[in-house]
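Residue numbers (my numbering): -12 to 384. Heads up, the beta-carbon is just placed ideally off N, CA and C, and yes, glycines get one too. Since the structure is predicted, the reported quantities are computational estimates derived from the model, not experimental observations. Structure, as structure tokens:
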Ligand code: CTP
């Protein structure tokens, strides 16, 4: 939540400026007040009227606006916020910031402010990868400016790669983490969640009954304590949490790649129900029925993501938390699993159908650590998540 927080939102002149209209709505939904500033170039992409209507506030566009006696001076304007957010931060705006220019209202405010600054870069992939932009980025990070994104994906210019501005809710999450006073402020935590789908052919797959509810609740609870959360999710039934970076995957192989790309992190919580096997030879076309013949599927073992991260020689997260979904001998199996995989903690739960845990709203867990087994009473999945997040915060502090 951003209740009572005020943001100075500097909108740069790029095509991603259109996303700022949604960003303003999302920030306001979280309780923030937004004072928008449009650069001259930004006004080519969005109008001051639409920005002002969504923000419910006056839009500042020009340094001369502020010379009026009735207006706030630029020094005052630059310091009235809890955070100055630049979105989209274009290559040009980043260069001006890195060079200390102050030739319009936006850059003057950025020079005059004494509050934290965050940028959400957005530009063409070649511009992003250009040595000058990367040099400017290093300078800005060294100056203490925080950066959200950019994402990899298709761009308005038709190219593909890094340079897409982060989605509004990812930016909201980064803002919340930056402004949070929670115990996980400044910590980056990875959460895997949901089932994986292992393809048989273009229309069929093998899956499991995980809804993603417990992993989603854990990601929310960690974000609420101020963590920057990377949420890697298979195709879950429940929507992903708000205010976290969401990476959606299908298969175990894709999940492993996403997890590796999200490292380094301070802690990893592996709540996903990853398929142990995939079909060895995925068919490129739909497997057809053949009279009197049944298809035979050959399996191959999937990578064990939790074990790989737990056993990393370099850059291992300080805390690795696994889950154990068991139907028999829950504690004994989970204790052995913790040892075999090399994680620090295991959250064990009985997923036998009669417990109603898989796909349900409650959970009964046993937290297994070096100190032994802690048996938690049956409670809602969000309460399990809240208590686990507090334990993680205590362990990372
Ligand atoms: N896990 C993983 N990658 C896999 C399989 C499991 O990261 N390929 C993780 C899960 O996210 C969970 C833990 O390992 O944190 C245990 O998952 P579980 O399904 O209980 O155990 P398995 O390793 O699959 O063992 P088994 O099926 O024999 O119980």
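Starting from residue 105, trace the beta strand (DSSP E) in both directions and tell me its first and last residue. Counting from one through the chain shown, the residue named residue 105 turns up at place 118. Element bounds for residue 105: 104 to 108.
Whole angstroms are fine: how far does the CA of residue 60 sit from the CA of residue 219? Here residue 219 refers to the residue found at position 232 of the chain shown. Here residue 60 refers to the residue found at position 73 of the chain shown. Cα to Cα, the separation comes out at about 44 Å.
Is it right to say residue 339 is buried, meaning 16 or more other beta carbons lie within 10 angstroms of its own, or is it exposed? Residue numbering aside, residue 339 sits at position 352 when the chain shown is read from its first letter. Flag for residue 339 reads exposed.
Throw me the rounded Cβ distance for the residue 267 and residue 286 pair, which I believe falls under 8 Å. Here residue 267 refers to the residue found at position 280 when the chain shown is read from its first residue. Here residue 286 refers to the residue found at position 299 when the chain shown is read from its first residue. At roughly 6 Å, the Cβ-Cβ gap stays under 8 Å, so residue 267 and residue 286 are in contact.
Note down the Cα distance separating residue 120 from residue 150, rounded to an integer number of angstroms. In the chain shown, the residue the question calls residue 120 occupies position 133. In the chain shown, the residue the question calls residue 150 occupies position 163. Answer to the nearest angstrom: the Cα atoms are 11 Å apart.
Could you tell me which residues DSSP puts in a beta bridge with residue 287? In the chain shown, residue 287 corresponds to position 300, counting from 1. For residue 287, which the question treats as bridged, DSSP gives the partners 265.
Report yes if the C-beta of residue 328 is less than 7 Å from at least one heavy atom of the ligand CTP; otherwise report no. What you label residue 328 is simply residue 341 of the chain shown in a count that begins at 1. Residue 328 Cβ: within cutoff of the ligand CTP.
Please enumerate, following chain order, all residues with a beta carbon closer than 5 Å to at least one heavy atom belonging to the ligand CTP. 257, 259, 261, 263, 289, 291, 292, 293, 309, 310, 311 and 312
Taking the straight line between their C-alpha atoms, what separation do you get for residue 190 and residue 241? Translated into the one-based positions of the chain shown, residue 190 becomes position 203. Translated into the one-based positions of the chain shown, residue 241 becomes position 254. Cα to Cα, residue 190 sits roughly 18 Å from residue 241.
What is the DSSP secondary structure of residue 237, counted as helix, strand or coil? The sequence position of residue 237 within the chain shown is 250, counting from 1. Of the three classes helix, strand and coil, the one that applies to residue 237 here is coil, per DSSP.
From what residue to what residue does the alpha helix (DSSP H) around residue 155 run? On the chain shown, residue 155 is found 168 positions in, with the first residue counted as 1. Residue 155 -> alpha helix (DSSP H) spans 155 to 166.
Less than 6 Å between C-beta atoms, sequence neighbours within five positions excluded: which residues of the same chain meet that for residue 274? Position 287 of the chain shown, counted from the first residue, corresponds to residue 274. Closer than 6 Å at Cβ, skipping near neighbours: 188 and 282.
Which residues bound the alpha helix (DSSP H) around residue 37? Within the chain shown, residue 37 is the residue found at index 50, counting from 1. It spans 35 to 42 - the alpha helix (DSSP H) in which residue 37 sits, taken as one unbroken run.
Below 8 Å CB to CB, which residues in the same chain sit around residue 245 once its five sequence neighbours on both sides are set aside? In the chain shown, counting from the first residue as 1, residue 245 sits at position 258. Within the same chain, residue 245 has close Cβ partners 219, 234 and 236.
Between which two residues does the alpha helix (DSSP H) carrying residue 112 extend? Residue numbering aside, residue 112 sits at position 125 when the chain shown is read from its first letter. 112 to 116 is the span of the alpha helix (DSSP H), which, as asked, contains residue 112.
Do you know offhand how far residue 181's Cα is from residue 253's? Stepping through the chain shown from its first residue, residue 181 is reached at position 194. Stepping through the chain shown from its first residue, residue 253 is reached at position 266. Roughly 21 Å between the two C-alpha positions.
In whole angstroms, what is the alpha-carbon distance linking residue -9 and residue 20? Here residue -9 is taken as the residue at index 4 of the chain shown, counted from 1. Here residue 20 is taken as the residue at index 33 of the chain shown, counted from 1. So the two alpha carbons sit approximately 7 Å from each other.
Figure out for me which residue from 147, 127 and 94 has the closest Cα to the Cα of residue 110. Here the question's residue 110 lines up with position 123 in the chain shown. Per the Cα distances, 147.
Rounded to whole angstroms, what's the CA-CA distance from residue 389 to residue 205? Just pull it up for me. Residue 389 falls outside the range modelled here, since the chain spans only -12 to 384, and no answer is possible.
Tell me the rounded alpha-carbon separation between residue 36 and residue 42. Walking along the chain shown from the start, residue 36 turns up at place 49. Walking along the chain shown from the start, residue 42 turns up at place 55. Between residue 36 and residue 42, the C-alpha separation is close to 10 Å.
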